[in-house]
Amino acid sequence: ISLVLMLTLWGTPFLYNGEEIGMTDIYLGETGQFRDMLGVWYYNTAIAQLGATLEEALAHANRIGRDKCRTPMQWTNAPNAGFCPPDVDPWLPVNPNYTHGINVTDRLKDPDSL
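Numbering (this note's numbering), first residue to last: 1 to 114.
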């Protein structure tokens, strides 16, 4: 019961969607994949005002932007990680590591998983 109460305290750590199965951040390889306006703004600013190369600006936008951790939940190792039908494009790309065991179905089968 003390653990449950601890989770109600101010500043207590909590899990984001997918952390319980080991989901990791994704690197977005092109600006058209960004949905977070902060990442888009930072990309454009890095080029225009800081003189960054396209690759440097993309790396900075990935670091600053919030899309890297907002990818669809990885349910299975099926197309689109089982998040949506295969013929539908999700809002953000699915992290490709869902085919390497980082999905709910595979984690439930793993006796050493959280």
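Think of the CB as a built atom: it goes at the ideal place given N, C-alpha and C, for glycine as much as any other residue.
When Cβ pairs closer than 8 Å are counted between the two stretches, the stretch 69-78 is seen to touch the stretch 14-23, the count reaching three or more.
Under the three-state reduction of DSSP, Y16 is assigned to coil, being neither helix nor strand. When rounded, the separation of the alpha-carbon atoms in K68 and Y98 is 15 Å. With respect to the 8 Å criterion, N80 and P90 are classified as neighbours on the basis of their beta carbons. DSSP, read as helix, strand or coil, puts A78 in coil.
A61 sits close to G39, with the two beta carbons spaced by under 8 Å. Going by DSSP, S2 is part of the alpha helix (DSSP H) stretching over 2-6. Boundaries of the alpha helix (DSSP H) around E55: 54-64.
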